[in-house]
Amino acid sequence: MDFDIEDLVGRYVAVWNEADPVLRRDAVADLWAQDGMELVESTLFRGHAELETRVTHAYKEFVEERKFAVTSANDVFGHHDGVTFTLQLTTADGEVAWAARVVLIVGEDELIRYDYHFTVQPLTA
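When the count follows this note's numbering, it moves up by one through the sequence shown with no breaks and lands on 168 for the last residue.
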């Protein structure tokens, strides 16, 4: 692994909080491979168009409407082509309302090929 995993996770978290649709679309293209996938318990999103739609819907529901911030639990770890960390929905007062363990598989081009989300109990301090 010859890339900065903290930078990757920082950009990943930022895309879910991005209000500007053009910047959000560009960030999706800069993070995921053209045929990259996100897999959640109920759905698979494949390719930039589906991923952009997914991120946009999540932004509108959780950030814009419900006023959560998407954050990382600062528990990033990786080796070879895999990166894992906890993604969170955080309230304005810092309470974690939801969490998922994210596993990213990254290609040689440093773009996300596979993005798995596993809902977990929020981490406690």
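Note that beta-carbon positions come from the ideal geometry of N, C-alpha and C, so glycine has one too.
Separation of residue j from residue i, as counted between CA atoms
{"i": "G137", "j": "N60", "result": "16 Å"}
{"i": "Q131", "j": "R97", "result": "16 Å"}
{"i": "R109", "j": "V139", "result": "13 Å"}
{"i": "G150", "j": "D73", "result": "13 Å"}
{"i": "V145", "j": "L66", "result": "23 Å"}
From the options, residue whose alpha carbon lies closest to that of residue i
{"i": "G53", "options": "R97, T114 and D45", "result": "T114"}
{"i": "T127", "options": "T133, A116 and A135", "result": "A116"}
{"i": "F105", "options": "A135, F161, V163 and D50", "result": "A135"}
{"i": "W75", "options": "D152, T99, F111 and D47", "result": "D152"}
{"i": "T99", "options": "V83, R68, Y55 and D45", "result": "R68"}
Three-way DSSP call (helix, strand, coil) for residue i in this model
{"i": "V163", "result": "strand"}
{"i": "F105", "result": "helix"}
{"i": "E81", "result": "strand"}
{"i": "L154", "result": "coil"}
{"i": "G137", "result": "coil"}
{"i": "T99", "result": "helix"}
{"i": "V56", "result": "helix"}
{"i": "A142", "result": "strand"}
{"i": "V71", "result": "helix"}
{"i": "H123", "result": "coil"}
Presumed contact (8 Å Cβ cut-off) between residue i and residue j, rounded CB distance
{"i": "A142", "j": "Q164", "result": "7 Å"}
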